[in-house]
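Numbering (my numbering), first residue to last: 10 to 554.
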């Protein structure tokens, strides 16, 4: 039987804290609460008089945003749990503005099925998410980096009890770690990530899951999390995460009432045992199907894709609408995400060509991302891509194997592999003149992480332009994002994926791709599609003509 200790950091809204604890309460948990030392504790404690499951820390810290006090408050709670609740099996760090998105039973089943997993967001430093790559946060960055790799990420996490014990033991024997991080800017966003990797313990490193189990919605330009309201109901209903933030009394009352009625206290189980055990509830992703066609065959391919990935991913159609071209009833039923050539001006940065998407095919995906930034991963699939193995098999592969690379695509090659490829010279930034180590990819189908897509959006705003098959991989790899190939051949291919989802195309003297199941030309014929592979380009005649 699992026993969860929820460690909650709060500094305002006693009634909201009471509501959070009520939503999570069960016989299998207790609550350890730290109230900011600058705030009177009586208003909080009065809600929990004689409550045997709720403990308020007496050793309190001033925990203003960006201070080491937040780390101290967390460590104080961890020490309390170690001393007073050693039977704990799982520690979950929450803020007072968090709230569960799933029932207590769902949360407990998920954590019980993943007893060794360490759920925490992390990325290496330097990283494009942070100004100057985050290097300015760390005193003597270059010297420290030589001896200890630095990591960053979200403050929030969920640790098995044994990991919490190890963290406290590590700090007892390495007080200089704390001394250094007291000098770091916003240390709560790097302290635990760096420690977990620095220890190099297999039982820790092998069980890290790059996810905080939280839905956090960021509004462009992604400086602060959004206060969630009833306007976010659709996003919350789709989310596979266990928790979300931020909620605020008065502003979020309606959506909290919705959660109480339909999810948190409903007792409904919306996930199977197999999904719980596989951890498939962790990843939140969407598939964007790009087309400018309105015919029976293309609509059929979209609906087939949608049917096959139900439960694995959300899906949307990115529909490129021509001028004065109305949507017919079939398209209206699909409710596509519609864009037109005005997308260039709407995004606010330069494209390669103003008349068509060719070379800037990722623009509608960026526009969709700006409107729906809550997904962990964004898949892009063009309408002339087919997979005979069943799309559920394809998308399940990356979920079940925990593949979290920021960019997955096909035919990834360094400049020296294909120096005569036509589009190398398209990548440029006239504002900065910065040179990059060129890499290309073939992008009829690819996956990109939320943070990577935000970075590409930022790069365009800073003056970068170019064909998206050189722009995406080159800028992402140079910024430290991870990139991999999901089939074919070459050094970027994922382990076990050589010629797995598609057969490699050998380039001609100019970098063209003329053979293999995924290629530039010639078109794939129906007679060629005999193996359970991805095929491109599949160009059949329009049955409406």
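Quick reminder that beta carbons are idealized off the backbone N, C-alpha and C, glycines included.
Between residue 475 and residue 486, the alpha-carbon positions lie close to 16 Å from each other. Non-local beta-carbon contacts of residue 458 in its own chain, meaning distances under 6 Å to residues more than five positions away in sequence, involve 386, 415 in chain order. Where residue 325 is concerned, the enclosing beta strand (DSSP E) starts and stops at 323–329.
Spanning the alpha carbons of residue 111 and residue 252 requires a straight line of approximately 7 Å. Taken through DSSP and simplified to helix, strand or coil, residue 538 comes out as coil. Fully enclosed beta strand (DSSP E) runs of no fewer than 3 residues occupy 416–423, 448–458 of the region 387–474, in order along the chain. Here residue 161 carries a strand assignment [DSSP, helix/strand/coil].
Residue 245 has its alpha-carbon roughly 16 Å from the corresponding atom of residue 260.
Beta-bridge analysis with DSSP links residue 254 to 225. Sequence-distant Cβ neighbours of residue 24 in its own chain, meaning closer than 7 Å and more than five residues away, are 258. C-alpha of residue 238 to C-alpha of residue 262: approximately 8 Å in a straight line. Shortest Cα-Cα distance from residue 511 to any of 70, 540, 484 involves 540. Per DSSP, residue 23 is not a residue of any beta strand (DSSP E); the alpha helix (DSSP H) it occupies stretches across 23–33. In the DSSP assignment, residue 545 forms a beta bridge with 527.
Distance from the CA atom of residue 272 to the CA atom of residue 156, rounded to whole angstroms, is 47 Å. Contact annotation: residue 204 and residue 179 have beta-carbon atoms nearer than 8 Å.
By the Cβ neighbour-count rule, residue 367 is exposed, with fewer than 16 other Cβ atoms within 10 Å of its own. Cβ-Cβ distances below 7 Å link residue 94 to 14, 39 in the same chain, with the five nearest sequence neighbours on each side left out; the list follows chain order. Shortest Cα-Cα distance from residue 470 to any of 528, 354, 35, 496 involves 354. Between the alpha carbons of residue 406 and residue 313 lies a gap of roughly 18 Å. Between residue 250 and residue 108, the alpha-carbon positions lie close to 11 Å from each other.
Close CB contacts of residue 213 within its chain, under the 8 Å cut and outside five residues either way in sequence, are with 127, 172, 175, 205 (chain order). Look at the beta carbons and you see the region 192–211 touching the region 77–84: at least three pairs across the two are nearer than 8 Å. Exclusion of the five residues before and after residue 370 leaves 477 as the residues of its chain whose Cβ lies within less than 6 Å of its Cβ. Contact between the region 373–387 and the region 336–356 is established, with three or more Cβ pairs separated by less than 8 Å. Taken through DSSP and simplified to helix, strand or coil, residue 338 comes out as helix.
Residues of the same chain with a CB within less than 8 Å of the CB of residue 507, apart from the 5 flanking positions on each side, are 496, 497, 498 in chain order. Distance from the Cα of residue 451 is smallest, within the candidate group 106, 113, 433, 412, for 433.
Measuring C-alpha to C-alpha distances from residue 464 to each of 448, 490, 455, 502 identifies 490 as the nearest. Here the region 147–161 makes no contact with the region 83–103; the two share fewer than three CB pairs at distances below 8 Å. Sixteen is the threshold: when 16 or more other Cβ atoms of the shown chains lie within 10 Å of the Cβ of residue 118, as they do, the residue is buried. Per DSSP, residue 115 is one residue of the alpha helix (DSSP H) stretching across 113–122.
Secondary structure note for residue 481: it is in no beta strand (DSSP E), and the uninterrupted alpha helix (DSSP H) holding it is 477–487. Relative to the Cα of residue 389, the nearest Cα in the group 453, 429, 437, 336 belongs to 453. Residue nearest to residue 493 within the set 515, 12, 521, 448 is 448 (criterion: CA-CA distance).
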